[in-house]
Amino acid sequence: MRNSSSLFTRVRFLQTARKQLENKHFKRAKFQALLLRAAVYLAAAVTAGVLLFVVGYILVKGVPHLSWSLFEWRYNSENVSLMPALLNTLFMTLLALSFSVPLGVFAAIYLVEYARRGSRLVRVIRMNAETLSGIPSIVYGLFGMLFFVNTLKLGLSMLSGALTLSIMILPLILRTAEEALLSVPDSFREGSFGLGAGRLRTVFRVVLPDAVPGILAGVILGVGRIVGETAALIYTAGTASDTVSGLFDSARTLSVHMYALSQEGLYIDQTYATAVVLLVIVIGINALSSMIAKRVGRRL
Numbered sequence: 015m016r017n018s019s020s021l022f023t024r025v026r027f028l029q030t031a032r033k034q035l036e037n038k039h040f041k042r043a044k045f046q047a048l049l050l051r052a053a054v055y056l057a058a059a060v061t062a063g064v065l066l067f068v069v070g071y072i073l074v075k076g077v078p079h080l081s082w083s084l085f086e087w088r089y090n091s092e093n094v095s096l097m098p099a100l101l102n103t104l105f106m107t108l109l110a111l112s113f114s115v116p117l118g119v120f121a122a123i124y125l126v127e128y129a130r131r132g133s134r135l136v137r138v139i140r141m142n143a144e145t146l147s148g149i150p151s152i153v154y155g156l157f158g159m160l161f162f163v164n165t166l167k168l169g170l171s172m173l174s175g176a177l178t179l180s181i182m183i184l185p186l187i188l189r190t191a192e193e194a195l196l197s198v199p200d201s202f203r204e205g206s207f208g209l210g211a212g213r214l215r216t217v218f219r220v221v222l223p224d225a226v227p228g229i230l231a232g233v234i235l236g237v238g239r240i241v242g243e244t245a246a247l248i249y250t251a252g253t254a255s256d257t258v259s260g261l262f263d264s265a266r267t268l269s270v271h272m273y274a275l276s277q278e279g280l281y282i283d284q285t286y287a288t289a290v291v292l293l294v295i296v297i298g299i300n301a302l303s304s305m306i307a308k309r310v311g312r313r314l
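Following this line, the structure appears as structure tokens:
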């Protein structure tokens with residue numbers, strides 16, 4: 015009886031100790047979860063606060079100085095119009111995308127659909143693309159000035175700036191397009207092959223339509239970088255204030271226009287007003303891209 019009573023006491027003791035240990039671990043895990051949740055909420059609040067502060071500061075400083083003279087077709091020292099720079103930004107964006115989007119998308123198709131997965135070539139291209147994504151824009155500007163402006167004799171022109179920007183955003187479009195293509199299930203490809211379709215037809219009729227939203231997201235990110243780029247364009251496209259009339263004409267974009275006004279020191283109020291317009295354009299591009307991506311996704 016004593017042995018059974020002692021054994022029962024030990025079992026009860028072990029069960030109690032186990033429950034206490036489990037409760038201790040549960041309380042510690044719960045505390046860690048609460049701590050991590052608080053850190054996440056704090057980081058989100060700080061990020062949102064900084065963003066709202068920057069946007070609010072730009073709006074407060076710029077909105078009172080918006081006037082119709084800023085949107086006149088011709089620039090002069092009296093109206094300091096931003097309309098020529100706005101049109102140049104549109105032309106520069108379309109020209110740079112016409113170079114980088116086809117090249118980036120087709121390169122991504124080759125890496126995903128034709129190259130052997132995990133090969134050394136694929137790894138080298140990915141590593142180089144990620145490396146190029148981290149290079150400062152001023153380095154691209156110096157390269158564009160030495161190669162496009164001086165070596166190829168294109169001069170400070172819209173074409174030199176667009177070629178430089180296309181090289182800048184090419185790694186971004188390549189990597190986003192590659193990830194979008196990789197996200198398409200292999201069962202889609204196998205089903206297409208099983209029905210007798212070739213690789214080229216499978217890529218353009220099955221894989222590529224399903225990857226369009228992801229590719230479009232990369233293109234929109236590239237557009238955002240083009241619109242906000244300044245350093246690379248100063249050395250390649252120049253700072254001419256008139257609306258561009260040809261590919262070999264010098265022209266300033268909206269961000270370069272802001273930089274030029276701030277450097278002169280005479281039009282600080284107009285600089286803030288231009289910043290408001292640029293902010294609205296960027297927000298509009300993001301909203302439009304989200305809407306287009308959703309509609310494309312629903313149709314597919």
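Each residue of the sequence shown is one higher than the last, beginning at 15 in my numbering.
Note that CB positions come from ideal geometry on N, CA and C, so glycine has one too.
Counted as a single uninterrupted DSSP element, the alpha helix (DSSP H) harbouring LEU235 occupies residues 222–242. Here DSSP, grouped into helix, strand and coil, assigns ASN300 to helix. Counting of Cβ neighbours within 10 angstroms places LEU111 among the buried residues, the total reaching 16 or more. DSSP places ASP200 in the uninterrupted alpha helix (DSSP H) bounded by 200–208.
ILE187 and ALA265 have their alpha carbons spaced roughly 25 Å apart.
Counting C-beta atoms within 10 angstroms of its own C-beta, ALA251 has 16 or more neighbours from the protein chains shown and is therefore classed as buried.
Within the same chain, Cβ atoms closer than 6 Å to the Cβ of PRO185 are found at ALA143, LEU146, SER147, the five residues on either side in sequence being excluded.
Per DSSP, the unbroken alpha helix (DSSP H) holding ALA110 starts and ends at 97–123. Inter-residue distance for LEU235 and LYS41 is about 44 Å (C-alpha atoms, whole angstroms). When rounded, the separation of the alpha-carbon atoms in LEU101 and SER259 is 11 Å. With fewer than 16 other CB atoms across the displayed protein chains lying within 10 angstroms of its CB, GLU204 is exposed. Assigned with DSSP and collapsed to three states, PHE262 falls in coil, not helix or strand. Beyond the five residues adjoining it in sequence on each side, ARG189 comes within less than 6 Å, by CB distance, of ALA143 in the same chain, given in chain order. In this structure LEU156 is not in contact with MET106, their Cβ atoms being roughly 19 Å apart against a cut-off of 8 Å. Contact check for GLN284 against LEU275 passes: the beta carbons are separated by less than 8 Å. A distance of 8 Å or more separates the beta carbons of PHE207 and VAL221. Straight-line measurement puts the Cα of TRP82 at about 42 Å from the Cα of LEU56. Taking 8 Å as the upper bound for CB-CB distance, TYR286 and LYS44 are not in contact here, some 49 Å apart. DSSP places ARG134 in the helix class (H, G or I) of the three-state scheme. Counting of Cβ neighbours within 10 angstroms places SER255 among the buried residues, the total reaching 16 or more. Counting only the Cα atoms, GLU193 lies some 49 Å from GLU92. Taking 8 Å as the cut-off, the beta carbon of ARG239 is found no closer than this to the beta carbon of GLU127. The beta carbon of THR216 is closer than 7 Å to those of ARG203, SER206, PHE207 in its chain, skipping five residues each way along the sequence. About 7 Å separates the Cβ atoms of LEU80 and VAL290, confirming a contact at the 8 Å cut-off.
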